[in-house]
Amino acid sequence: MKKKEMAAGGSNLAPKIVWNEKACQFETEDAKAFLQYELKKKGKVMDMLHTYVPASKRGQGLASHLCVAAFNHAKEHSLAVIPTCSYISDTFLPRNPSWNSLLYNDDLKSCM
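As structure tokens, then:
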């Protein structure tokens with residue numbers, strides 16, 4: 057199983073987020089909090105499906121750190137993003153509009 061550690065947001069205080077390529081998710085080291093995705097359009101589009109943080113870990117900003125790691129991965133791999141997860145579309149992106157440039161646009165379909 058290929059896993060790659062990522063610093064979410066670049067802060068020394070940020071939790072370690074791991075890319076679990078086989079499971080198609082970004083997760084905390086203990087794998088209890090995660091962001092699931094699916095690759096579409098021949099691997100050129102990352103559909104971010106679901107973000108989960110257990111009740112015992114809520115309020116620590118983990119969902120945001122997971123999103124930052126996933127969006128950084130998408131940017132580094134030139135992937136467009138579909139924010140299917142309601143946390144990402146309704147909370148994360150409005151608070152972090154700089155990531156909007158990575159969103160999949162129907163106008164790009166002919167290019168993919």
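In terms of the numbering used here, the sequence shown opens at residue 57 and continues consecutively. Don't be surprised by glycine CBs; every beta carbon is placed ideally from N, CA and C. All values derive from a computational prediction rather than experimental measurement.
| said: Please report the straight-line C-alpha distance between S157 and E77, rounded to a whole angstrom. | reply: 24 Å
| said: Which residue marks the beginning of the beta strand (DSSP E) containing E94, and which one marks its end? | reply: 90 to 96
| Which residues mark the beginning and the end of the alpha helix (DSSP H) in which F148 is found? | Here F148 belongs to no alpha helix (DSSP H), and DSSP marks it neither H nor E.
| task | Check N161 in the structure and name its three-state DSSP category. | result | coil
| task | Determine the DSSP secondary structure at V109, reduced to helix, strand or coil. | result | coil
| From A130, S154, Y143, residue whose alpha carbon lies closest to that of S96 | The displayed chain sequence assigns Lys, not Ser, to residue 96. That would be A130, whose Cα lies nearest to the Cα of K96.
| If you draw a straight line from the alpha carbon of L69 to that of F148, how long is it in whole angstroms? | 19 Å
| Quick one: Cα of S134 to Cα of I73, how far? | 20 Å
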